[in-house]
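Note sheet for the following structure.
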Amino acid sequence: MTDSAVSPDPYPLRRSFLEQGLGSAVGLVQFNAQELVDKVSASTLAGAVVSSANAPIGTLEFDALTVMALDFAEDGDDTTYELRFQLGALLRKLGITPGGYQRRDLVIALKRLYDVSLELPEFDEDGNEIGVRQRRLFSELAVYADSRTLQEVDGPRDKAGNLSFVKIADAEGAHAQVTLTPWFAEAVLDRRGRTLDLETQRALDGAAKRIWVTLGMLPYVQAADGQSESYTIALDDKVYEALKLRAKRPTDNRKALRAALERILERDPSYTRLEVVKSRNTWSLVVERLAGDAKQAALRSREADRDTRPKGRIAA
Numbered sequence: 004m005t006d007s008a009v010s011p012d013p014y015p016l017r018r019s020f021l022e023q024g025l026g027s028a029v030g031l032v033q034f035n036a037q038e039l040v041d042k043v044s045a046s047t048l049a050g051a052v053v054s055s056a057n058a059p060i061g062t063l064e065f066d067a068l069t070v071m072a073l074d075f076a077e078d079g080d081d082t083t084y085e086l087r088f089q090l091g092a093l094l095r096k097l098g099i100t101p102g103g104y105q106r107r108d109l110v111i112a113l114k115r116l117y118d119v120s121l122e123l124p125e126f127d128e129d130g131n132e133i134g135v136r137q138r139r140l141f142s143e144l145a146v147y148a149d150s151r152t153l154q155e156v157d158g159p160r161d162k163a164g165n166l167s168f169v170k171i172a173d174a175e176g177a178h179a180q181v182t183l184t185p186w187f188a189e190a191v192l193d194r195r196g197r198t199l200d201l202e203t204q205r206a207l208d209g210a211a212k213r214i215w216v217t218l219g220m221l222p223y224v225q226a227a228d229g230q231s232e233s234y235t236i237a238l239d240d241k242v243y244e245a246l247k248l249r250a251k252r253p254t255d256n257r258k259a260l261r262a263a264l265e266r267i268l269e270r271d272p273s274y275t276r277l278e279v280v281k282s283r284n285t286w287s288l289v290v291e292r293l294a295g296d297a298k299q300a301a302l303r304s305r306e307a308d309r310d311t312r313p314k315g316r317i318a319a
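With positions in the sequence shown counted from 1, the corresponding number in my numbering is that position plus 3.
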């Protein structure tokens with residue numbers, strides 16, 4: 004008896020993983036910013052202030068980190084906390100065609116992730132903030148290629164004949180090895196965070212991407228059938244600050260929020276309602292989305308249904 008052939012999934016899901024603390028501090032990430040700054044502070048929805056220093060974190064850094072986190076959870080060494088990968092393979096997962104410039108950009112992004120230090124709040128079991136701790140993401144970073152390939156790479160070398168850190172990326176088969184710090188590795192292995200849809204993550208930028216990540220971190224209330232979930236956020240100054248919506252007038256913040264929500268609904272079919280509503284003198288964001296098998300089905304059919312899928316609701 005022979006096993007029957009299984010047809011490949013025509014729409015395989017691509018995933019990434021974001022640790023909970025970093026998800027709460029997503030305001031630190033400078034998505035689609037023209038100029039990255041070396042030190043950033045941001046509020047969280049929990050009211051805590053977090054900061055990063057020593058290296059800017061932009062779109063490439065963030066996306067690479069979330070893909071590496073998922074790869075580590077699935078294939079990393081849970082005793083040494085090491086993860087090895089080919090630069091070109093990681094770029095392809097990010098939807099980037101690998102070439103010399105792209106590999107160099109990725110190496111620079113990895114170096115920034117190695118250099119960055121984060122001040123993340125800590126909370127007790129009741130959700131009360133108990134302090135702030137400075138943390139790093141990686142304890143070691145190496146970029147390497149086999150010696151025969153490196154001999155073909157042009158570039159300045161040191162007295163020992165070694166290429167610079169970034170120039171090694173010119174080698175087509177260049178690899179990287181990172182060692183995650185214990186807190187970060189354990190958080191990923193314990194799944195303290197959220198799995199994200201990489202297709203949506205790659206498609207969004209700027210405020211839409213920041214808000215989408217924040218929505219993914221909310222403590223949703225799931226329906227009895229497990230196929231949908233919802234959450235409502237009161238829109239106050241703290242929330243706008245956490246989302247980096249900093250207009251002088253609340254009206255302008257709501258306008259920017261609605262525009263970002265429209266983009267999210269266009270890209271992520273798991274959201275069925277993203278509506279800014281007013282009740283008496285209070286504005287709120289109502290979030291409803293699919294869960295369980297219903298969410299998986301919507302994501303898998305996204306490409307086929309892109310032109311016909313009904314959009315969710317946004318208040319005018």
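Ideal placement from N, C-alpha and C gives every residue a C-beta, glycine not left out.
No experiment lies behind these values; they were computed from the predicted model shown.
Which of helix, strand or coil does DSSP assign to residue i?
| i | result |
| --- | --- |
| Ala237 | strand |
| Lys96 | helix |
| Asp108 | helix |
| Ile133 | strand |
| Thr83 | coil |
| Ala53 | What sits at residue 53 in the sequence shown is Val, not Ala. Three-state result, Val53: strand. |
| Thr182 | strand |
| Gly61 | strand |
| Val119 | coil |
| Leu16 | coil |
| Glu77 | helix |
| Glu128 | coil |
Would you report the Cα separation of residue i and residue j, rounded to the nearest angstrom?
| i | j | result |
| --- | --- | --- |
| Leu288 | Ala72 | 30 Å |
| Arg257 | Ala177 | 46 Å |
| Lys281 | Asp255 | 15 Å |
| Arg213 | Ala76 | 23 Å |
| Ala112 | Arg261 | 31 Å |
| Ala51 | Asp41 | 20 Å |
| Arg283 | Tyr243 | 20 Å |
| Tyr234 | Trp215 | 14 Å |
| Glu99 | Ala92 | The sequence shown places Ile at residue 99, rather than the Glu named in the question. When rounded, the distance between both Cα atoms is 10 Å. |
| Ala174 | Phe187 | 30 Å |
| Leu1 | Tyr223 | This structure does not reach residue 1, given that the chain is present from 4 up to 319, and the question cannot be answered. |
| Glu64 | Gly295 | 29 Å |
| Arg270 | Ala206 | 7 Å |
| Ala250 | Ala45 | 15 Å |
| Asp80 | Gly196 | 19 Å |
| Ala245 | Thr47 | 5 Å |
Might you give, ordered along the chain, the residues of its own chain that have their beta carbon closer than 7 Å to the beta carbon of residue i, omitting 5 neighbours on each side?
| i | result |
| --- | --- |
| Thr275 | Glu291, Arg292, Leu293, Gly315 |
| Phe141 | Leu116, Tyr117, Val181, Thr182, Leu183, Thr184 |
| Arg87 | His178, Gln180 |
Ignore the nearest five residues each way along the sequence and tell me which others in residue i's own chain have a CB closer than 8 Å to its CB.
| i | result |
| --- | --- |
| Arg95 | Pro101 |
| Ala172 | Leu90, Gly103, Arg106, Arg107, Leu109, Val110, Val146 |
| Leu39 | Gln33, Pro59, Ile60, Gly61 |
Quick one: what's got a C-beta closer than 6 Å to residue i's C-beta in the same chain, skipping five residues either side?
| i | result |
| --- | --- |
| Leu201 | Arg17, Arg18, Ser19 |
| Ser55 | Leu31, Val43, Val119, Leu121 |
| Tyr84 | Thr182, Leu183, Ala188 |
| Thr97 | With the sequence shown as reference, residue 97 is identified as Leu, and Thr is not the correct amino acid for it. Closer than 6 Å at Cβ, skipping near neighbours: Asp66. |
Which first and last residues belong to the alpha helix (DSSP H) in which residue i is found?
| i | result |
| --- | --- |
| Gly196 | Counting along the chain, Gly196 falls outside any alpha helix (DSSP H), though it belongs to the beta strand (DSSP E) covering 196 to 200. |
| Leu221 | No alpha helix (DSSP H) holds Leu221; DSSP gives it neither H nor E. |
Looking at the secondary structure, which residues open and close the beta strand (DSSP E) in which residue i lies?
| i | result |
| --- | --- |
| Ala145 | 141 to 147 |
For this session: Please go through the segment 18 to 49 and give each complete beta strand (DSSP E) segment of 3 or more residues, from N-terminal end onward.
Result: Runs found: 18 to 22, 43 to 46.
Exercise. Of all the beta strand (DSSP E) runs that stay within the bounds of the segment 224 to 308, which reach a length of 3 or more residues?
Worked result: 231 to 237, 274 to 282, 285 to 293
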